[in-house]
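Student: Residue numbers (the numbering used here): 1 to 117. For every residue, glycine included, the Cβ atom is placed at its ideal position computed from N, Cα and C.
(1) Please return the same chain residues whose Cβ sits closer than 7 Å to the Cβ of residue 88, not counting the five positions on each side in sequence.
(2) Quick check on the DSSP output: the alpha helix (DSSP H) that includes residue 115 runs from which residue to which?
(3) Count the other C-beta atoms from every protein chain shown that fall within 10 angstroms of the C-beta of residue 95, then say buried if there are 16 or more, exposed otherwise.
(4) Who are the near neighbours of residue 113 in its chain, counting only those whose CB is closer than 8 Å to its CB and skipping five residues on each side?
(5) Measuring alpha carbon to alpha carbon, tell me which of 66, 85, 110 ends up nearest residue 99.
(6) Identify whether residue 8 lies in helix, strand or coil by the three-state DSSP scheme.
(7) For residue 27 and residue 101, what's the separation of their Cα atoms in angstroms?
(8) DSSP three-state label for residue 68, please.
(9) Can you tell me which of the three DSSP states residue 60 falls into?
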């Protein structure tokens with residue numbers, strides 16, 4: 001991952017970790033959504049939530065990278081969306097859903113930590 005190789009100049013370690021975690025969540029969600037797309041209508045909610053989270057976490061990572069004043073609000077939105085999506089993914093036995101849920105729980109925690117700084 002490119003950003004893990006960049007020294008997060010001007011950012012604290014917590015922000016750099018949150019950027020990395022958000023990008024990992026986006027990747028997991030894109031994979032999960034792609035897999036869910038081929039598994040029928042029963043996976044529609046999982047697919048929809050994964051796509052929302054992928055977009056939100058990518059946006060949040062971009063805003064943190066440029067030290068935006070809106071990072072805290074996005075952190076809150078990301079944490080909530082990650083938790084909701086993780087709950088949905090955990091209802092399915094598919095490996096991609098279980099992996100995605102684990103990554104999303106980590107991302108939600110990281111975003112909540114960002115909100116407290």
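Tutor: Taking the coordinates as given:
(1) For the purposes of this step, residue 88 is taken as the residue at position 88 of the chain shown. Cβ within range, chain order: 45, 46, 49.
(2) Start at 1 with the first residue of the chain shown, and residue 115 comes out as number 115. That run of the alpha helix (DSSP H) goes 95 to 115.
(3) Mapped onto the chain shown, residue 95 falls at position 95. Label assigned to residue 95: exposed.
(4) For the purposes of this step, residue 113 is identified with residue 113 of the chain shown, where counting begins at 1. For residue 113, where only same-chain residues beyond five positions count, the Cβ hits under 8 Å are 14, 18.
(5) Within the chain shown, numbered from 1, the residue matching residue 99 stands at position 99. Of 66, 85, 110, the residue nearest in Cα terms is 85.
(6) By one-based count along the chain shown, residue 8 stands at place 8. Low per-residue confidence applies at residue 8: pLDDT is 44, beneath 50, and the placement is therefore not dependable, though the value from the model is reported in the following sentence. Three-state result, residue 8: coil.
(7) Walking along the chain shown from the start, residue 27 turns up at place 27. Walking along the chain shown from the start, residue 101 turns up at place 101. Taking the straight line joining both Cα atoms gives about 12 Å.
(8) Position 68 of the chain shown, counted from the start, is the residue given in the question as residue 68. The answer is coil: DSSP assigns residue 68 none of H, G, I, E or B.
(9) Mapped onto the chain shown, residue 60 falls at position 60. Helix at residue 60.
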